[in-house]
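Single-structure report; data block below.
2 protein chains.
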Amino acid sequence: MPSRLIASRELADMFKLLAHADRLRLIEELRAGEKDVTGLAVALGLPTTRISQHLGLLRAHRLVEERRDGRSHFYRLAHPFIADWIIDALPLVDIRLRLKDTDHIDAARALWSVRDPNSAC
Amino acid sequence: MPSRLIASRELADMFKLLAHADRLRLIEELRAGEKDVTGLAVALGLPTTRISQHLGLLRAHRLVEERRDGRSHFYRLAHPFIADWIIDALPLVDIRLRLKDTDHIDAARALWSVRDPNSAC
DNA sequence: TGCAAGACTGCAAAATCTTGCAGGTGACGA
DNA sequence: TCGTCACCTGCAAGATTTTGCAGTCTTGCA
Numbered sequence: 001m002p003s004r005l006i007a008s009r010e011l012a013d014m015f016k017l018l019a020h021a022d023r024l025r026l027i028e029e030l031r032a033g034e035k036d037v038t039g040l041a042v043a044l045g046l047p048t049t050r051i052s053q054h055l056g057l058l059r060a061h062r063l064v065e066e067r068r069d070g071r072s073h074f075y076r077l078a079h080p081f082i083a084d085w086i087i088d089a090l091p092l093v094d095i096r097l098r099l100k101d102t103d104h105i106d107a108a109r110a111l112w113s114v115r116d117p118n119s120a121c
Numbered sequence: 122m123p124s125r126l127i128a129s130r131e132l133a134d135m136f137k138l139l140a141h142a143d144r145l146r147l148i149e150e151l152r153a154g155e156k157d158v159t160g161l162a163v164a165l166g167l168p169t170t171r172i173s174q175h176l177g178l179l180r181a182h183r184l185v186e187e188r189r190d191g192r193s194h195f196y197r198l199a200h201p202f203i204a205d206w207i208i209d210a211l212p213l214v215d216i217r218l219r220l221k222d223t224d225h226i227d228a229a230r231a232l233w234s235v236r237d238p239n240s241a242c
């Protein structure tokens, strides 16, 4: 099989993994550092079961790493660079929407770019 | 609705659009310049109907633009930057696979990065 | 040891995507 | 005008994802 085809499929798999708002928000949360499942569930306002399922996917594809401490499971980004790369896509979202007013994209960029994401909403 | 949530959803929509090997290959083909539907179908070895459907999606989200000339419809990338951004993700694919041997990813990077993609396979 | 907290997994229903096919539109040439 | 070429759209079957729920596992603590 040609390299070109392999690369497309592998890339598509990774895009598929990121093609869910919950999982993008998880990556965003983890950008600030490791967090346990309950903490993430509270931050996103979702049931822990769902968070756990998403984390299971991200973990299976080695985008996050797990550390256990007592009863808690702490997760962190395996490669924080991915968060920066996602931020790079914001201009494309902007374009895609063809907004006259790009304020909320700018706001989002600021939120994703801020040192401590939890200081803003 | 918070900006953060909007951005996640819009980003997820765009990732979803890119989460298909055929569509990634279309973007790759168009990186070299505009091409008509039949040309793309031949390049990818797929039926024109399917190509047309994929292009319809990409067009609806303004990732490609169309120009008609006689019976042919020529497509081009609305924002060629997207192809560069996709190339930036190859290291993540690499990591995701945790390959001992990254040769075929290197080969893919070379293919995506080459000036004229049609000179290589 | 018994119980509860924190998290994971399996499963099935619901939602979403993909794909081929049948049929339709507009442009070109005889 | 008629036929063909290049392409698009609608639709339904099939495949894949998402989601909630029930049940399980491990750890900490009394």
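First to last, the sequence lines map onto chains A and B.
Counting in this note's numbering, the first sequence runs from 1 upward without gaps.
Counting in this note's numbering, the second sequence runs from 122 upward without gaps.
C-beta atoms are modelled at their ideal positions from N, C-alpha and C, and glycine is treated no differently.
Same chain only: Cβ atoms within 8 Å of residue i, ignoring 5 sequence neighbours per side
i, result
"L17/A", "R23, L57, L58, H61 and L63"
"R130/B", "none"
"H175/B", "H141, D143, R144 and L147"
Interface flag, residue i vs chain B, CB-CB below 9 Å
i, result
"K35/A", "no"
"V93/A", "yes"
"R109/A", "yes"
"I82/A", "yes"
"I51/A", "no"
"A89/A", "yes"
"H54/A", "no"
"L24/A", "yes"
"K100/A", "Because K100/A carries a pLDDT of 45, less than 50, the predicted location of this residue cannot be relied on, and no value is offered for it."
Chain A within 9 Å of residue i, Cβ atoms only
i, result
"F195/B", "no"
"R130/B", "yes"
"E149/B", "yes"
Cα-Cα separation between residue i and residue j, rounded to whole angstroms
i, j, result
"Y196/B", "V158/B", "8 Å"
"M135/B", "A19/A", "7 Å"
"L44/A", "W233/B", "37 Å"
"A78/A", "E29/A", "13 Å"
"H194/B", "T169/B", "12 Å"
"F202/B", "P91/A", "10 Å"
"E66/A", "I51/A", "14 Å"
"L220/B", "W206/B", "Confidence in L220/B is poor, its pLDDT being 49 and thus under 50, which makes the residue's placement too unreliable to answer from."
"E34/A", "R71/A", "15 Å"
Beta-carbon proximity check, residue i vs residue j, cutoff 9 Å
i, j, result
"I208/B", "R189/B", "no"
"A83/A", "R31/A", "yes"
"A128/B", "V42/A", "no"
"A21/A", "A142/B", "no"
Close beta carbons around residue i, own chain, < 6 Å, minus the five adjacent residues each side
i, result
"R146/B", "L165"
Worksheet item: Curious, which full-length alpha helix (DSSP H) runs of at least 4 residues does the segment 152-215 of chain B contain?
Response: Runs found: 158-165, 169-181 and 202-209.
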